[in-house]
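If you're matching them up, the sequences are chains A and B in order. So for the first sequence, the numbering used here puts the first residue at 1; every next one is plus one. So for the second sequence, the numbering used here puts the first residue at 1; every next one is plus one. Some notes on the structure that comes next.
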Amino acid sequence: MSKSQEWPSWEVFTQNKNGEAHEHAGNVHAPDAEIALMNARDVYGRRQEAVNIWVVPSTAITASTPEDVGSFFDPANDKMYRWPNYFKTPDGIKQI
Amino acid sequence: MENQLTAEEITKREMEFDAKIAKGIVVEPKDWMPDRYRKQLLRMMSQHAHSEVVGMLPEGNWLTRAPSLMRKAVLLAKIQDEAGHGLYIYSAAETLGTDRAEMIDQLLSGHAKYSSIFNYPTLNWADMGAIGWLVDGAAIVNQTVLAKCSYGPYSRAMVRICKEENFHNKQGYQIMAYLMKGTKEQQEMAQDAMNRFWWPSLMMFGPHDTNSPNSGDLMKWKVKLQTNDDLRQRFIDRTVPQAEAIGLKIPDPDLKWNPQTRHYDFGEINWEEFNNVIKGNGPCNRLRMKQRRDAHENGAWVRSAALAYAEKHGK
């Protein structure tokens, strides 16, 4: 059996309905963007799960790495004052 | 990456990994994981994906002979779902760093396994009912648990699959229920399908726990959350009342409700048959592999033509 050249991989993002964000669904293999969209529709949208689909070549995605999770997200860790409940307000104050 | 780490570092990371799993933290593709975790997952997921794909063949056998246009449309949709399920799982398995083409090569060359249930023939229309109801029913019991497994992409694929699998289960049961309300011949046809598919469905859960070599690690790493025997029991407990409700008999003289354990007791599975089918000597092993290879080879020109077109038009 000859192992022919394979179709590249595309990441699929589906929007469930208008007003919602696109969410990662999985991947498909396709020779080009057009067929990737059709495959994505058949694989991830058989039950009206999508009103809109994005396909992106898998190689085009740059992701942060778990090894760097500490230092990379560190700037957010010591700024608890970004949450409103960090601040105490006098008793009896409402609507703030 | 592994070879850059000293043995000491690997042991340390493995302990951290085990602690993470014990805390219920889900593992994502780029996280460090023990080599054996990756290998076991890949073995399990590729086997699962192959089962979905090969599983289309026994049902495809009845597409042109479905008794009505509606039955045909439903069966077609069900089979399309199985293709989709195969793709969800291949997609999840690819996150472990193995290309789908490589997994498919392993299937076609006979190196990878798929569920032995699909090596049984589909001899009459009622088999479509038995497969949807029993085979997909057993798959649901298995997959509902897998949806909570420790590997993120696999768990997400399972959530998606479980949502769709209930349709398969119900359409199968409805075929059986409908036949059981029909003529004597139709009832016998349904019972015949039941007789042939009951035991192989129980075998789908794999060997006894005492005889399941991979279970220990898989349970520790929460790739498996319940044992083969527990899942099998759950399937039996939920299926027997469904059979009784439509007048089908379970082909097991030892099957009986046990009020003490609140479970059904059942007879011993024919493990010799199970092992024989796994070894490749089931009724349809060779046919299924031939059908898969033919489909792959016959579609090769489409795959290369589409690729050539994309390259030519600079897409």
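Ideal placement from N, C-alpha and C gives every residue a C-beta, glycine not left out.
Less than 8 Å between the beta carbons of residue i and residue j, yes or no?
i               : j               : result
A50 of chain A  : T89 of chain A  : no
N61 of chain B  : R288 of chain B : no
L123 of chain B : R293 of chain B : no
Y151 of chain B : L41 of chain B  : yes
A193 of chain B : M180 of chain B : no
L69 of chain B  : E59 of chain B  : no
P148 of chain B : L63 of chain B  : Note on residue identity: the sequence assigns Lys, not Pro, to residue 148 of chain B. No, the Cβ-Cβ distance between K148 of chain B and L63 of chain B is not below 8 Å.
G137 of chain B : T239 of chain B : yes
A21 of chain A  : V55 of chain A  : no
P283 of chain B : P153 of chain B : no
With residue i and residue j assumed to form a contact (beta carbons below 8 Å), what rounded beta-carbon distance in angstroms separates them?
i               : j               : result
L87 of chain B  : W7 of chain A   : Actually they do not touch by this definition, with Cβ atoms about 12 Å apart.
N27 of chain A  : S91 of chain B  : 5 Å
A93 of chain B  : V53 of chain B  : At roughly 12 Å, the Cβ-Cβ gap does not stay under 8 Å, so A93 of chain B and V53 of chain B are not in contact.
K30 of chain B  : A76 of chain A  : That belief does not hold up - the Cβ atoms of K30 of chain B and A76 of chain A are roughly 20 Å apart, past 8 Å.
G172 of chain B : G216 of chain B : G172 of chain B to G216 of chain B, Cβ: 34 Å. No contact.
Y309 of chain B : P31 of chain A  : 7 Å
R47 of chain A  : Q80 of chain B  : Between Q80 of chain B and R47 of chain A the Cβ distance is about 11 Å, and since that is not below 8 Å, they are no contact.
F274 of chain B : S116 of chain B : 7 Å
D237 of chain B : H263 of chain B : 6 Å
H29 of chain A  : R234 of chain B : Wrong, their Cβ atoms sit about 36 Å apart, outside the cutoff.
Please identify the residue among the options whose C-alpha is closest to the C-alpha of residue i.
i               : options                           : result
P34 of chain B  : B:E9, B:K23 and B:M56             : B:E9
V159 of chain B : B:Q171, B:K170 and B:V145         : B:V145
L231 of chain B : B:P29, B:I140 and B:R196          : B:I140
M203 of chain B : B:I161, B:E164, B:T183 and B:G267 : B:G267
N343 of chain B : B:E164, B:R262 and B:D252         : Given that chain B is displayed from residue 1 to residue 315, the structure contains no residue 343 of chain B and the question cannot be resolved.
E11 of chain A  : A:I35, A:N18, A:K17 and A:E20     : A:I35
Y37 of chain B  : B:V223, B:E272, B:G299 and B:C284 : B:V223
P84 of chain A  : A:P66, A:H29, A:I96 and A:A21     : A:I96
D32 of chain B  : A:T65, A:E23 and A:N16            : In the sequence as presented, Asp is not what sits at residue 32 of chain B; that position holds Trp. Of the listed residues, the one whose Cα sits closest to W32 of chain B is A:T65.
Q143 of chain B : B:G314, B:V277 and B:K163         : B:K163
E188 of chain B : B:W125, B:N169 and B:A66          : B:W125
G24 of chain B  : B:P67, B:K170, B:D105 and B:K220  : B:K220
H296 of chain B : B:D105, B:T95 and B:G97           : B:D105
V27 of chain B  : B:T11, B:T95 and B:K170           : B:T95
F167 of chain B : B:T210, B:A77 and B:Q186          : B:A77
Mind listing the chain A neighbours of residue i? Cutoff is C-beta to C-beta under 9 Å, in chain order.
i              : result
G84 of chain B : D42, V43, Y44 and R46
Q80 of chain B : D42 and R46
Report the neighbours of residue i on chain B: residues whose CB is nearer than 8 Å to its CB, in chain order.
i              : result
P66 of chain A : E28, K30, D31 and W32
A63 of chain A : K30
Along chain B, which residues have their Cβ under 7 Å away from the Cβ of residue i?
i              : result
N27 of chain A : S91 and E94
I35 of chain A : A306
S71 of chain A : Near S71 of chain A there are no residues of chain B at all, since even the closest Cβ is about 16 Å away, more than 7 Å.
Applying a beta-carbon distance threshold of less than 7 Å, which residues of chain A neighbour residue i?
i               : result
A310 of chain B : P31 and D32
Which bits of chain B does residue i rub up against, with CB to CB less than 9 Å?
i             : result
E6 of chain A : D99, R100, A101, R303 and L307
Using a Cβ cut-off of 8 Å, pull out every chain A residue sitting near residue i, in sequence order please.
i              : result
Y88 of chain B : G26 and V43
Closer than 8 Å is the cut-off here; do at least three beta carbon pairs connect the region 243-254 of chain B with the region 37-57 of chain B?
Touching, no, given that fewer than three Cβ pairs across the two stretches are closer than 8 Å.
With three or more beta-carbon pairs closer than 8 Å as the criterion, would you say the region 72-88 of chain B touches the region 37-44 of chain A?
As far as the Cβ criterion goes, the region 72-88 of chain B touches the region 37-44 of chain A, which means the pair count is three or higher.
Indicate whether the contact test is met: 3 or more Cβ pairs, each with one atom in the region 251-263 of chain B and one in the region 12-29 of chain B, closer than 8 Å.
No: the two stretches stay apart, fewer than three of their Cβ pairs being nearer than 8 Å.
If we count Cβ pairs, one from each stretch, closer than 8 Å, do we get three or more for the region 125-140 of chain B versus the region 197-207 of chain B?
When Cβ pairs closer than 8 Å are counted between the two stretches, the region 125-140 of chain B is seen to touch the region 197-207 of chain B, the count reaching three or more.
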